[in-house]
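Undergrad:
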Amino acid sequence: MDHITSKKRELVSVDEEWKKKDTPYKTASKEDLISSVEPRDRTKTKLWQILKNWCISTGSKVFTNIHDDTYQKFSIWCLKTKTIKQDLEDEGFKQTENWKDKAVAFKDKGKNSDSSFITPSDKSEVKENDIKTWCTNNEAQSFRHEADQTYLRVKKWCYEQKKTIT
């Protein structure tokens, strides 16, 4: 839990928040589901209660790293929701102001092999505004965990470390 606390994340604590996890869990992709928690209500127990119990018992376990499957599922289902933007700001990042450099780096095939996720608006090449629009749309998504592809792309293409004054 030290890592989670250091990321300014908190365990869902009230039943109303747990209930909000019910529908998203029932409609989640198979890879996001917890193997021991079926995406349906039981005869006597609602899904959100089963999730809550799993989260409480799993929270006391030690996670090996951010790529740990149990950690990733714990991060998605057990912690209070925050956006990618909120997480990056909590980590000390700020949205870039240097969109021109980001666009140049994005188009550099030698340095960027991951360029198919932004489609240029005018069917030519990706421009500053295309990256900025993609960033605005994706930074508003829910933060899942640090190994999530969307999170990593937003961090790389939309944010930079805040400069500290010494």
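Position 38 (the sequence shown) corresponds to 38 in full-length UniProt numbering; numbering is contiguous.
By construction, the Cβ of each residue, glycine as well, lies at the ideal position given by its N, Cα and C atoms.
Should E31 be labelled buried (16 or more other beta-carbon atoms within 10 Å of its own) or exposed?
TA: exposed
Undergrad: If we call anything under 7 Å between Cβ atoms a contact, is D87 one with F143?
TA: yes
Undergrad: According to the neighbour-count rule (16 or more other Cβ atoms, all chains shown, within 10 Å of its Cβ), is N138 buried or exposed?
TA: buried
Undergrad: Contact check, V37 vs W18 under 8 Å by CB: the rounded distance?
TA: Rounded, the Cβ-Cβ distance is 13 Å, inconsistent with contact.
Undergrad: Relative to the C-alpha of A140, which candidate in E146, D90, Y151 has its C-alpha closest?
TA: Of the candidates E146, D90, Y151, the one whose C-alpha sits nearest the C-alpha of A140 is Y151.
Undergrad: Does the beta-carbon of H67 have 16 or more other beta-carbons within 10 angstroms, so that it is buried, or is it exposed?
TA: exposed
Undergrad: Run through the DSSP bridge pairs and tell me what K102 is partnered with.
TA: None, per the DSSP bridge assignment.
Undergrad: Which residue comes first and which comes last in the beta strand (DSSP E) that contains K94?
TA: 93-95
Undergrad: Grab the span of the beta strand (DSSP E) containing Q161 for me, first residue to last.
TA: Start and end: 159-161.
Undergrad: Which whole runs of the alpha helix (DSSP H) in the region 35-118 are 4 residues long or more, in chain order?
TA: 47-58, 69-78, 84-90, 99-107
Undergrad: Using 7 Å as the threshold, is the C-beta distance between F106 and N98 below it?
TA: no
Undergrad: Comparing alpha-carbon positions, which option in T96, E89, I84 lies nearest A147?
TA: Nearest in C-alpha terms to A147, of all of T96, E89, I84, is I84.
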